[in-house]
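Structure first, commentary second.
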Amino acid sequence: MNFAEKIRQLRKEKRMSQIELAQAIGVTSRTIQFYESGKSFPRYRETYRKLAEILSCDVNDLLIAGSEAADNQEYSQEEAVFISEAAAQYGSRGKRQAEKLIEEVSGCFAGGELSEEDKDEMMKAIQDAYWMAKKNNQKYAPKKQ
Numbered sequence: 000m001n002f003a004e005k006i007r008q009l010r011k012e013k014r015m016s017q018i019e020l021a022q023a024i025g026v027t028s029r030t031i032q033f034y035e036s037g038k039s040f041p042r043y044r045e046t047y048r049k050l051a052e053i054l055s056c057d058v059n060d061l062l063i064a065g066s067e068a069a070d071n072q073e074y075s076q077e078e079a080v081f082i083s084e085a086a087a088q089y090g091s092r093g094k095r096q097a098e099k100l101i102e103e104v105s106g107c108f109a110g111g112e113l114s115e116e117d118k119d120e121m122m123k124a125i126q127d128a129y130w131m132a133k134k135n136n137q138k139y140a141p142k143k144q
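Residue 0 is where the sequence shown starts when you use numbering that gives the first Met the number 0, and the numbers rise one by one after that.
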């Protein structure tokens with residue numbers, strides 16, 4: 000189920016109108032219409048969090064449903080969430096950077112020397128380093144509104 004279908008279904012299960020959902024998360028009803036038609040997605044993780052809270056679902060389910068990476072079976076759920084978060088915070092450039100990082104790091108594991116648990120921990124550490132680097136570089140690159 001894609002993001003648009005998931006939002007529409009969860010909203011209807013809660014018996015909410017688009018206007019009520021929009022007011023609850025602080026956006027316009029037009030924005031909800033765009034989400035449900037698949038024309039747009041939330042830009043910020045905070046919007047995903049508010050939607051998940053109001054619609055009583057897991058925020059990761061919404062992030063994955065909103066991620067093109069989730070449709071691509073080469074990414075794990077954690078990787079798809081990481082790509083979605085990078086896209087939400089840094090746009091298409093952040094998404095490309097996250098995808099490239101995962102691709103390059105995954106190549107390091109091709110020899111099969113590490114256990115799956117060790118690979119997961121290594122990937123998490125690299126993703127954490129990515130977020131720290133992006134945060135540290137914000138002081139040099141102004142955020143676009």
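Heads up, the beta-carbon is just placed ideally off N, CA and C, and yes, glycines get one too. Everything numeric in this text was worked out from a predicted model, so none of it was measured.
The C-alpha of T27 lies about 26 Å from the C-alpha of G93. With fewer than 16 other CB atoms across the displayed protein chains lying within 10 angstroms of its CB, Q32 is exposed. Counting every other CB atom within 10 Å of its CB across the protein chains shown gives Y43 a total below 16, marking it as exposed. Between L62 and K5 the beta-carbon gap is near 11 Å, outside 8 Å, which marks them as no contact.
One thing to note: A3 has its Cβ no nearer than 9 Å to the Cβ of M15. Under the DSSP assignment, M15 falls outside any alpha helix (DSSP H); it carries neither an H nor an E label. Its chain contains L54 and C56 as the residues whose beta carbon lies nearer than 7 Å to that of L9, once the 5 sequence neighbours on both sides are disregarded; these appear in chain order.
Between D117 and K123, the alpha-carbon positions lie close to 10 Å from each other. Under the criterion of beta carbons closer than 8 Å, I125 and V104 qualify as touching, at roughly 5 Å.
C107 has its alpha-carbon roughly 37 Å from the corresponding atom of Y34. Rounded to whole angstroms, the gap between the alpha carbons of K134 and S114 is 30 Å. Counted as a single uninterrupted DSSP element, the alpha helix (DSSP H) harbouring N135 occupies residues E115 to N136.
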